[in-house]
Structures are given as C-alpha cells and as structure tokens.
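> Dropping the structure in here first, questions after.
There are 2 protein chains.
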Amino acid sequence: LARHDFRGLKQLLPTLAAPDLAHLIDHQPVAELLIVFRLLPLAQATRVFEYLTPSAQNQLLGQLAPEQLTAMLNHMAPDDRTNLFERLPPAFVRTQVERLAPEQRRITLELLGFPHDSVGRLMTPDYIALREDWSMTDVFDFIRRHGASAETVTMLYVVDEKGILLDDIHIRDFLMQPPTAHVRDIMDRRFVCLSAQQSQEKALADFRRHQRIALPVTDAHGVLLGIVTLDDILALREREDTEDMQKLGGSEALDEPYLQIPLFKMVQKRAGWLVVLFLGEMFTATAMGFFEGEIEKAVVLALFVPLVISSGGNAGSQATSLIIRAMSLGEVTVGRWWQVMRRELLAGLALGVILGIVGTIRIALWQGLHLRDYGPHWVPLALAVGFALVGIVLWGSLAGSMLPLLLKKVGFDPATSSAPFVATLVDVTGLVIYFTVAYAFLHGTLL
Amino acid sequence: LARHDFRGLKQLLPTLAAPDLAHLIDHQPVAELLIVFRLLPLAQATRVFEYLTPSAQNQLLGQLAPEQLTAMLNHMAPDDRTNLFERLPPAFVRTQVERLAPEQRRITLELLGFPHDSVGRLMTPDYIALREDWSMTDVFDFIRRHGASAETVTMLYVVDEKGILLDDIHIRDFLMQPPTAHVRDIMDRRFVCLSAQQSQEKALADFRRHQRIALPVTDAHGVLLGIVTLDDILALREREDTEDMQKLGGSEALDEPYLQIPLFKMVQKRAGWLVVLFLGEMFTATAMGFFEGEIEKAVVLALFVPLVISSGGNAGSQATSLIIRAMSLGEVTVGRWWQVMRRELLAGLALGVILGIVGTIRIALWQGLHLRDYGPHWVPLALAVGFALVGIVLWGSLAGSMLPLLLKKVGFDPATSSAPFVATLVDVTGLVIYFTVAYAFLHGTLL
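Line order of the protein sequences matches chains B and X. 64 is the number of the first residue of the first sequence in this note's numbering; add one for each residue after it. 64 is the number of the first residue of the second sequence in this note's numbering; add one for each residue after it.
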C-alpha cells in the first residue's frame, strides 16, 4: 500500500478518519510520514498531526517543509499549539511563533504568557459567547456562522457588554426551547469557573467534581478569557497518572511511550533513582556492620534478615501506593494526616501481629518437624523474629503513609516517595529494629 | 445550618448544584443525609444521589423510605442504575427491580442480562435516533420533544427502518446547516461502534483512540442497541487506574476510598498479599540456609546481602511498573514481548553495570580510606559484589518486565505482579546469584 501507488493513496487518505490514520502511520519511518503528509489536504493533515504521539510529532517537525509547518501551526487549535510549543526548544518556538498569522501569534503569545502548569496554558479562546437579550433564532444564526471555528458547541457562554461571564448553558437547553424564547429565559446564573492563574491540579479537581465537558476561565474581574475542554483535561490526567505510577515504581517519569523512548534515555531516567536507592541501601551494610559481632556469634540471625526487612518494605509499599492514589483522587489531603496516621497505626499493628504470628509459627514448625534445627534457643529466637516483625511492619506502614504527606507539605511531588524509596528507608531502620529486638530476647543465651 | 432551620433548608437546597450538594453532604451522618433527601424535590434528589460516593449511597439505600427509593430508581439514568445494582446484594436488587415501572424494569433486566465487565453493562438506551430523509426542521423538532430524556444531545444517531445504525453525527454538524438541508446531506457513513458483548477494556481503548463523547453499541446485525457515554468510561478508567496502582503496591484493590473503608476490611485486603509475600520471602531464609557454611566462614558476605538483593528488587519494581502502565495505555501488548525483552536485556545490563561499578568503588573506597577493613581479600570481595549486582539487576529487570506479560498471556490481571511480588521473587533468586558469584570469586581465599 504505502509503497508506490501515490495516486491511489491520494484518493484513499482523505477518506480515513484522523485518529485511525494517525494510529496507522504512527510507527512508520519519518520518510513515509512525510509522503502521507504531503498528500493530505491541510485541514486533515493538521487533525492527523494533533493525534500523533509526541515522538512522531517531533520527527515530523524537523522534516516538514517550513511553509507546510507554518500553515499547519496556523490551523491548529490554540490549546493544542500551546501544548506542542511547551515541549519544544525555546529557539524553535520563537521562530515558529514569528511565522504565525498575526491573530494566531497574538493568541499564542498570550497563552504562553501564563505560568507553566497554570490553567491559562490549557485554555483556548475559541468559544461561543452570547448576549442575554438574544433570541433563539439569533443564537442559532450565530452558531451557524461561528460554530466551525469554536472548540465546542456543547457549552455556550453568556457575557455582558464588558465581557464579564454571566452564565454557561448547555446546548441541550437551547435545543429544548421554542424559537421565540430568549437567552435570559434559560439562564440560571449559576456556573463554575476556573481562574487562568490557577494550577492545573485545581482544574483537574474541578472537572472531576463537576463532570463537565468544558469549564470557562475568567480573570480577576470575572471577564471570560477562554475555556478549558475535557479532552485537554483527560490528556493531562492520563499523563499525571502515568507519571505517578512510574515514579511510584522508582523511576523518573519517562515522558515518552515505553517502546518509543530511545534506550539510552530510558537507562538515564531509570539509573538516577536506582543509584540513589543503592546509595541509600548502602547504609544497610553499615547497619549490618554494627551487628557483625552478633552475627558472628549467631549466624542464624543473618538467615532471617531478608525476610524481616522485606516485610517492612512490603508494608511500606502498600501504604505509600494507597496514600498516593488517594491523594491524587483528592480523597486524602495533607490536613487529614492525623486521620491517616491513626488508621495506619492500627492497620500496621494488626498486619504486624499477623505476620509476627506467621513468622513465629514457621520457625516453631520447622523446628518441631525437624526440617531444620535452630539450636537449643529456638524459642527466644522465634519470639525475637515475631516481635521484630510487629515493630517493622508497623514502622513500614507509618513511614510509607506519612512520607507522601510530608513531601506534599514541603512542596514536593508526593509520588517521589516511591515504593522502592520507602522500602530502602524501612530496610535500614528495619535492621536496627531487628537486631535490637534480637539482642533483647537473646542476650545471655545466643548473644 | 443543617441543624434546625428546615424551612430555610427547603428554600436553600434546590438552589445548589447537584455535585456541590453531594460533595457537601457526602461525609455527613446518615441521619442528616435523610433529612436533606426528604427536603429535596425528586429530580434533584436523584441527581444528588448519583453524585454521592458509593459508601454514602449504600448508607442511604438502607434507610430511605421504600417509596422514595423506588421513585428515585425509576428516575435514574439506566446506565447509572445498572452500575448501582452491580454493587448491591442480588436479593435486594431483585426486590427493587420488581418495584420499578414496567418500561424501566424491562430496560434494567436487559442491561443486567449482559455479561459482567461487558460493554452492555455500561450502555444506556436513551439516545436520539434520526432517519436519513428527515430535514433539519424535523431533527430539531424531534430533539425538542425527546431531548430531555436523552443521555446526550451532542451525538445523534441515524438508523434505518430496521434499526440498523447508519451514521453518528455531531450536533455541531446539524447546527451549521440551513433549515432546508436533510440528514442525508451531512452523513458520511463512517462511524466507530462497540459491540454489547465486548469487554469494557476494548471500550476504554476505543474511547482513548477516538476521543469521542459517546460511542454507539450495536448487536451482531448492526442494530443500534444503545450508547456508552464518556462519563461512564471515565469513571471506569479512574477505577481501573486506582486498582492498578493499589495492586502494584502489593495490596488488593480497596474498592472504597481510603478514609472511608472500614479498618477491618482494609486490614483484610492488605493482609492477604502481605502474608503471601511473607511466605514467598521465607524461601530467602531457606536459600540463606544453604549458604550458612559460607556465611560462617565469611560473615562479611552477609553484610552485603540486603544491599545486593534490594537492588534487584528495585530494578524489578521499576520494570514492572513501567510495563504495567504501558500495557494499560495500550502501548505494549503481549504480542510485542520480544521487543520488551530486548529492551530490558540491554537496559538491565546497562543499569547492572552502573550499579556494579558504584558498588565495587564503594568497597574499594571504604577500604582505601580505612573507613572499614574488609580483610586481605577485599579485591575479590569487591569484584564479587560488583559482578553479582550486574547479574541481579539484569535478572530483576527481565523478571519485572516479563511477569506482567506472562500473567496477561495466561489470562490474569497483569497488575497482580505487583512491585513487592517481583521484589520477593528477585530476592530469593538474587541470593542464589550472589552466593554463587561470591563462591566463584572467593573460592580458595575467603571460602
């Protein structure tokens, strides 16, 4: 197909839906992407471009003829364009912005003027604004003239002569009215709006709570600046969830699909945290060093080291991933740390007791069944392992749950307290707990 | 406010938006919920109920007067009702279904007839269906009459006399036409549709790819059965992401918000996996037992056990969370396992070499700076730790990336191969690698 028959392609391509075509060509070499883009009409080329993955977009940007690129950028929705520019090198963006049509250039510069991560960067000025004294006929005439360039016709906005937002109304409400009705008849003057300076996190929360297709953005005086649509919010939410999950797994966010990110870049993103964790984990060797004398006297103690410390790490991973997810869903906030702590104190204690009992029974069972001989002092040994488990699991649950809240409190991303990070923390402290408990139980016998 | 002034409340409540009101009362005791619901008009009560969290809904269901409950259930959107019924005990559902109005009862039974986790369960039959020979005036008249009960007026559907779906058209396309145009003039006969029997996972993927507000559902003959709207898909996606993350952290999915799930239930959900992991981790004690002789001869080997095995676990957690997320985004499929394996072989090797070098340098440095004396054989010891790290990190990356794909292949949820699970697996095998490498390097000297 995509070999020689250019004429056939030229006829076939425009009949395909943009998402399907984007999906088809996304993994093709850039040379074939270029052919496809040369054959597509401008409007469709722009749509397909918007659907491509970032890495395919980047490849194309470097190769497209400058005129085609400028034409496509002029044609893109302002919010998608801002989004694209955010990922590109500033020098390249500057050149491209200068080449835009005056009106698009003004819009772009305005949107790029809002702080990174602010609602302003997600905004598009292509909304439909109505006046309250218009009749339904006026409204539908207006939509017929301006609907094509609007980002959505599902939510319409009513503003006064100063541009101040008065209401947002769903298209359904207009469609249900007789043609003689006026806009003011269906206004309820109740609306939710975002501020352009607000964080995108706030926008996510508002969209989640109100389940709207679009929310208006106003300035400090209530003037309607633009709208944020659900598709941008969903892309943002998906990106944030992906970052959360990758960070939770103990890696930097990849920012590119797993199979597409260059190998060297992926190793870079993963090595950083692994080395940090490794350096942290080195303290286990130091901690073990303190107890070298005890280990020499009772090698049997060393046998349970991985078991005991990993249980703390597992309890910590559990707690940290539950809390991080609950935070990103807005269920848990820093202000409720005390409730979380109380829950984890009780849950950690219960989990610790369960594992402690299982551990003690395991040692007693192996001893009783003569599967292994832990020596004459196996009873205090079993108890030492059991009690150490209670302490370590409790400590793991507390550390795992409090760390994300603490990080958030001091302004870091809570997801940075990844499961491996908590595990490392708990490994080192767990060793100290284990050997201290063991010393208390076995002092005078094994030690 | 919500204390005594019932009259004031009765005036205030209807002016509040349903999501806001739901948010306000969600954490209130059930007695206050009941008061609020008694004061609300039916339509708004139903909307507020739909926005409440599952636990608040459950509390209310047990306490509302049967008549009010039936009235509300009759008033609910069919898809929301199916969703609610799925969570309730079958006996209760049966009673409630019998009490529904005949038409609603028929719809509910039909929707409940589709397999659990199928697209059918997400579907609503309240869509707007048009004929291709209608004029725009006919269309808008129809919407005016039937739009109030439709789930969406943003996507409209064209069917033939047999009910076979011919096209889906965005309301924008109708609004842009002169009143004299006909439906067939704007039809392109291209549409994406779901099958009622398909898995919800497939629906998620289609919505992600096509970025639609609603998708039609057809049977095997192409007859339009209903539509699935984006809000249901988003709720589903959020739930799946939450489950993924909780499972990745090594816990069962909680199914309830962290702060609201009863403590005992939470401990239950977390204890299961912790005990399984603990039992798995016991093999570390067994594995260490095999090398007890070596440890006795060279206690120094035991010092590095936590460091070495946790590095493998960390590498495994990284790989597993990257792959699980990539799978749920549809970037990685089982069929591409070979590509993943090749990437992880190379990445794992690179990461292993990096950590191996850091580890070897650490031992040499401590020895050189006289921070610690690892004895006369510190060079082979340092090399043994370094080479063991290469092997273990490589193995961790491979195991962590392949396990989710393997689980998916045999029909399990890939997210079950949680980070702690991979860590446990790698801990046990990592010990064997470590002591084997150590034996090879230190045989004849320390061992």
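Virtual Cβ for every residue (Gly too), placed ideally from N, Cα, C. Just so you know, these numbers come straight off a predicted model, no measurement behind them.
Candidates X:L414, X:A361, X:A447 and X:T479: which alpha carbon is nearest Q331 of chain B's?
The candidate whose alpha carbon is nearest that of Q331 of chain B is X:L414.
> For Y502 of chain X, would you say it is in contact with chain B, using Cβ-to-Cβ distances shorter than 8 angstroms as the test?
Y502 of chain X does not count as touching chain B.
> Within the chosen definition, does the segment 137-145 of chain X reach the segment 175-191 of chain X through at least 3 CB pairs nearer than 8 angstroms?
The segment 137-145 of chain X, when compared against the segment 175-191 of chain X, does touch it at the 8 angstroms Cβ threshold.
> Less than 8 angstroms between the CB atoms is what I'm expecting for G459 of chain B and G379 of chain B, so what's the real figure, rounded?
4 angstroms between Cβ atoms; contact.
> Buried or exposed: K328 of chain B, going by 16 or more other Cβ atoms within 10 Å of its Cβ?
Exposed.
> Using the beta-carbon of each residue, which ones in chain B are nearer than 8 angstroms to I386 of chain X?
Ordered by position in chain B, the residues that pass the 8 angstroms Cβ test against I386 of chain X are Y321.
> If you measure between the beta carbons of A85 of chain X and V111 of chain X, is that distance less than 8 angstroms?
Yes, Cβ-Cβ distance for A85 of chain X and V111 of chain X is below 8 angstroms.
> State the start and end residues of the unbroken beta strand (DSSP E) segment that holds L287 of chain B.
Run containing L287 of chain B: L287 to T292, per the beta strand (DSSP E) assignment.
> Hey, how far is the Cα of T109 of chain B from the Cα of L136 of chain B?
Cα-Cα distance, rounded: 8 angstroms.
> So with CB distances below 7 angstroms, who are the chain B contacts of D294 of chain X?
Within chain B, the residues near D294 of chain X are Q274.
> With distances taken between CB atoms, is the gap from V456 of chain B to G375 of chain B smaller than 8 angstroms?
Contact flag set, yes.
> Any idea if F367 of chain X is buried or exposed, counting beta-carbon neighbours within 10 angstroms, 16 or more meaning buried?
Buried, since its Cβ has 16 or more Cβ neighbours within 10 Å.
> Considering only C-alpha positions, which residue in the set B:T158, B:L229, B:V202 and B:G285 is nearest to H245 of chain B?
Of the listed residues, the one whose Cα sits closest to H245 of chain B is B:V202.
> So what's M38 of chain B in DSSP terms, helix, strand or just coil?
Lying outside 64 to 510, the shown extent of chain B, residue 38 of chain B is not represented and no answer is given.
> Assuming E407 of chain X and L461 of chain X are in contact, meaning their beta carbons sit under 8 angstroms apart, how far apart are those beta carbons, in whole angstroms?
Their Cβ separation, rounded to whole angstroms, is 5 angstroms, which keeps E407 of chain X and L461 of chain X in contact under 8 angstroms.
> In three-state terms, what does DSSP make of S380 of chain X?
Helix at S380 of chain X.
> At what residues does the beta strand (DSSP E) containing I31 of chain X begin and finish?
Residue 31 of chain X lies beyond the stretch modelled for chain X, which goes from 64 to 510, so this question has no answer here.
> Per DSSP, what kind of secondary structure is I88 of chain B in: helix, strand or coil?
In the structure shown, I88 of chain B sits in a helix (DSSP, three-state: H, G or I).
> Using the Cα positions of L123 of chain X and P241 of chain X, report the straight-line distance between them to the nearest angstrom.
Straight-line Cα distance between these residues: approximately 50 angstroms.
> Going along chain B, which residues have a C-beta under 7 angstroms from H86 of chain X?
Result: R272.
> Am I right that S314 of chain B and R302 of chain B are in contact with their C-beta atoms under 8 angstroms? What's the rounded C-beta distance?
Their Cβ separation, rounded to whole angstroms, is 15 angstroms, which puts S314 of chain B and R302 of chain B out of contact at 8 angstroms.
> Are I232 of chain X and G285 of chain X closer than 8 angstroms when you measure CB to CB?
No. Outside cutoff.
> What first and last residue would you give for the beta strand (DSSP E) that runs through I324 of chain B?
Here I324 of chain B belongs to no beta strand (DSSP E), and DSSP marks it neither H nor E.
> Residue range of the alpha helix (DSSP H) that L172 of chain B falls in?
Where L172 of chain B is concerned, the enclosing alpha helix (DSSP H) stretches over P165 to L175.
> Identify the residues that DSSP records as bridge partners of S258 of chain X: which are they?
BP columns for S258 of chain X point to X:T281.
> Taking Cβ-Cβ distances shorter than 8 angstroms, what residues in chain B pair up with F203 of chain X?
L238, listed in chain order.
> When the Cβ atoms of the segment 415-422 of chain B are set against those of the segment 293-302 of chain B, are three or more pairs found closer than 8 angstroms?
The segment 415-422 of chain B is not in contact with the segment 293-302 of chain B.
> Leaving aside the five residues before and after K310 of chain B along the sequence, list all residues of the same chain whose C-beta is less than 8 angstroms from its C-beta, in chain order.
So the list reads A316, D476, A478, T479 and S481, once near-sequence residues are dropped.
> Would P483 of chain X pass as an interface residue toward chain B - the criterion being a Cβ-Cβ separation below 8 angstroms?
Closer than 8 angstroms: yes.
> So with Cβ pairs under 8 angstroms, would you call E511 of chain B a contact of chain X?
This structure cannot speak to residue 511 of chain B, because chain B is shown only from 64 to 510.
> Which residues mark the beginning and the end of the beta strand (DSSP E) in which L366 of chain B is found?
Not the beta strand (DSSP E): L366 of chain B falls in the alpha helix (DSSP H), residues V362 to L366.
> If we ignore side chains and look at the alpha-carbon of each, how far apart do L34 of chain B and A445 of chain B end up?
Nothing in the structure corresponds to residue 34 of chain B, since chain B is present only between 64 and 510.
> Rounded to a whole number of angstroms, what is the C-alpha to C-alpha distance between S181 of chain B and S262 of chain B?
Roughly 4 angstroms between the two C-alpha positions.
> Between the C-alpha atoms of L229 of chain X and L174 of chain X, what's the straight-line distance to the nearest angstrom?
Distance between the alpha carbons of L229 of chain X and L174 of chain X: 23 angstroms.
> Out of X:G463, X:M345 and X:L257, which one is the CA nearest neighbour of G183 of chain X?
Of the candidates X:G463, X:M345 and X:L257, the one whose C-alpha sits nearest the C-alpha of G183 of chain X is X:L257.
> Report the neighbours of D304 of chain B on chain X: residues whose CB is nearer than 7 angstroms to its CB, in chain order.
Simply D304.
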